[in-house]
Amino acid sequence: MAASHRTADMALPQAEINWDRLDKTKFYLVGAGLFSGISGALYPISVIKTRLQVVRADSVHKTAGSIVRHIVSTEGIRGLYRGFGIVITGAIPSRMVFMTSLETTKAATLKIAERMELPEATAAAVANGAAGLLSSMASQTVFVPLDVVSQRLMVQGTVGTTHYNGSMDAVRQIIKADGIRGLYRGFGMSVLTYSPSSAVWWAAYGSSQRLIWRGLGYGSRDDVEPPSQAKMVLVQASGGIAAGAVSSIATTPMDTIKTRLQVLKSETEGTPTISQTVKQLIKENGWRERMSVKQEE
């Protein structure tokens with residue numbers, strides 16, 4: 001057992017850097033740069049996904065390919081980046097709130113889990129899951145207004161939406177029509193969507209890595225050399241893929257409802273409710289097509 005712990009101590013801490021070992025300046029500066037770059041590369045996918053989630057049964061453009069062709073032909077490549085400016089401007093502080101909450105909560109919870117003498121994979125799942133849940137809840141207070149504005153811009157021009165002359169005009173019109181509460185439309189659904197999703201993702205990510213390392217012999221033998229950088233990246237990527245698959249299956253329906261709440265008008269007077277949105281979704285396409293949004297991506 002002692003040898004097992006020595007090998008685990010040799011390999012796994014190299015694969016995961018906790019809060020007390022982080023260079024905070026590099027963490028925030030480099031993280032902000034990487035996050036901005038990744039967001040820019042993936043943003044068109046978010047635009048297409050959002051359009052798919054609000055498309056109506058009688059729409060001409062009902063597939064990802066058709067939507068891309070329509071946007072590019074009518075607006076150019078810029079159409080795939082509607083709302084990107086406000087997302088980047090606000091997402092960096094939102095991300096800082098998220099990552100700070102994530103790492104501090106994970107470190108504290110992991111110490112508690114270790115004192116309870118839980119198995120390594122279970123302790124990682126508990127610590128990462130709790131951290132993902134709480135950090136997502138904290139970041140939603142910053143993220144939801146950005147999400148509302150950016151998604152309104154993404155879908156403007158489609159049936160049931162309003163036209164805006166940029167991000168600030170969208171903010172002004174939303175506040176004028178609904179007050180500050182309008183910027184938090186769908187907040188409850190966002191928490192119900194992203195917080196469990198974050199908990200599931202981080203729990204699966206942390207525990208799957210531990211299981212993969214064990215499968216590769218780390219922590220079970222004392223004659224294993226430390227993992228190479230390439231091997232650590234491969235294990236982390238594998239954990240990310242597994243986590244993404246599990247969390248997306250669990251949260252796609254709620255994400256679709258949330259998006260519709262945030263961007264579409266009610267067929268009756270007033271703000272649409274969750275029950276109205278669900279009924280309209282089922283009336284238009286049923287649950288099967290809503291679940292296919294992830295496959296269309």
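Just so it is clear: in the sequence shown, position 76 is 76 by UniProt numbering, and no numbers are missing. For glycine and all other residues, C-beta sits at the position ideal for the given N, C-alpha and C. All values reported here derive from a predicted model rather than from experimental measurement.
Inset, instruction - Check whether the Cβ of Val246 lies closer than 8 angstroms to any Cβ atom in chain C. - result: Among the chains in the structure shown there is no chain C, since it carries only a single protein chain.
Inset, instruction - Could you tell me which residues DSSP puts in a beta bridge with Thr100? - result: Answer is none; Thr100 lacks a bridge partner.
Inset, instruction - Alpha carbon to alpha carbon, how far is Leu22 from Ser275? Give it in angstroms, no decimals. - result: Each residue's alpha carbon lies about 45 angstroms from the other.
Inset, instruction - Kindly list the residues whose CB is nearer than 8 angstroms to the CB of Tyr164, restricted to its own chain and excluding five residues on each side of it in sequence; keep chain order. - result: Arg152, Leu153, Gln156, Ala170 and Gln173
Inset, instruction - Assuming Leu80 and Ile71 form a contact by the criterion Cβ under 8 angstroms, report the distance between their Cβ atoms to the nearest whole angstrom. - result: 6 angstroms
Legend entry - Helix, strand or coil at Tyr218 [DSSP, three-state]: In the structure shown, Tyr218 sits in a strand (DSSP, three-state: E or B).
Inset, instruction - Give the secondary structure of His5 by DSSP, where H, G and I count as helix, E and B as strand, and everything else as coil. - result: Confidence is the limiting factor: at His5 the pLDDT is only 44, short of 50, which leaves the residue's position unreliable, though a coordinate-based value still follows. It is helical.
Legend entry - Exposure of Ser73, with buried meaning 16 or more beta-carbon neighbours within 10 Å: exposed
Inset, instruction - Determine the burial state of Thr63: buried for a count of at least 16 other Cβ atoms within 10 Å of its Cβ, exposed for fewer. - result: Per the 10 Å Cβ criterion, exposed.
Legend entry - Simplified DSSP assignment, three categories, for Thr63: In the structure shown, Thr63 sits in coil (DSSP, three-state: anything other than H, G, I, E or B).
Legend entry - Identified DSSP bridge partners for Gln173: Paired residues: none, contrary to the question.
Inset, instruction - Using beta-carbon positions only, say whether Phe35 and Ile86 come within less than 8 angstroms of one another. - result: no
Legend entry - Exposure of Asp20, with buried meaning 16 or more beta-carbon neighbours within 10 Å: exposed
Legend entry - Buried or exposed (CB count within 10 angstroms, at least 16 for buried), Gly186: buried
Inset, instruction - Please report the residue range of the alpha helix (DSSP H) in which Leu29 lies. - result: Lys24 to Val54
Inset, instruction - Could you tell me whether the Cβ atoms of Glu120 and Arg210 are closer together than 8 angstroms? - result: yes
Inset, instruction - Can you give me the start and stop residues for the alpha helix (DSSP H) that Asp255 sits inside? - result: Gln229 to Val263
Legend entry - For Thr161, three-class secondary structure by DSSP: Note: Thr161 maps to coil in three-state DSSP.
Inset, instruction - Compute the distance between the beta-carbons of Ala125 and Leu102, then report whether it is under 8 angstroms. - result: no
Inset, instruction - Can you tell me the Cβ-Cβ gap for Val191 and Gln140, rounded? I've got them flagged as a contact below 8 angstroms. - result: Gln140 and Val191 do touch by the CB rule: their CB atoms are close to 6 angstroms apart, below 8 angstroms.
Legend entry - Beta-carbon gap between Thr50 and Thr259 smaller than 8 angstroms: yes
Inset, instruction - Pick out whichever of Ser197, Ser150 and Thr161 has its Cα sitting closest to the Cα of Leu183. - result: Ser150
Inset, instruction - Could you check which residue in Ser197, Val233 and Met232 has the C-alpha nearest to that of Ile249? - result: Ser197
Inset, instruction - Rounded to whole angstroms, what's the CA-CA distance from Met116 to Ala204? Just pull it up for me. - result: The alpha-carbon of Met116 is positioned some 20 angstroms away from that of Ala204.
Legend entry - Residue of Leu52, Ile77, His61 and Ile38 minimising C-alpha distance to Arg95: Ile38
Legend entry - Whole-Å CB distance - Val246 paired with Trp213, under 8 angstroms assumed: Val246 to Trp213, Cβ: 19 angstroms. No contact.
Inset, instruction - Could you check if Val30 is buried or exposed, using at least 16 other CB atoms within 10 Å of its CB as the buried criterion? - result: exposed
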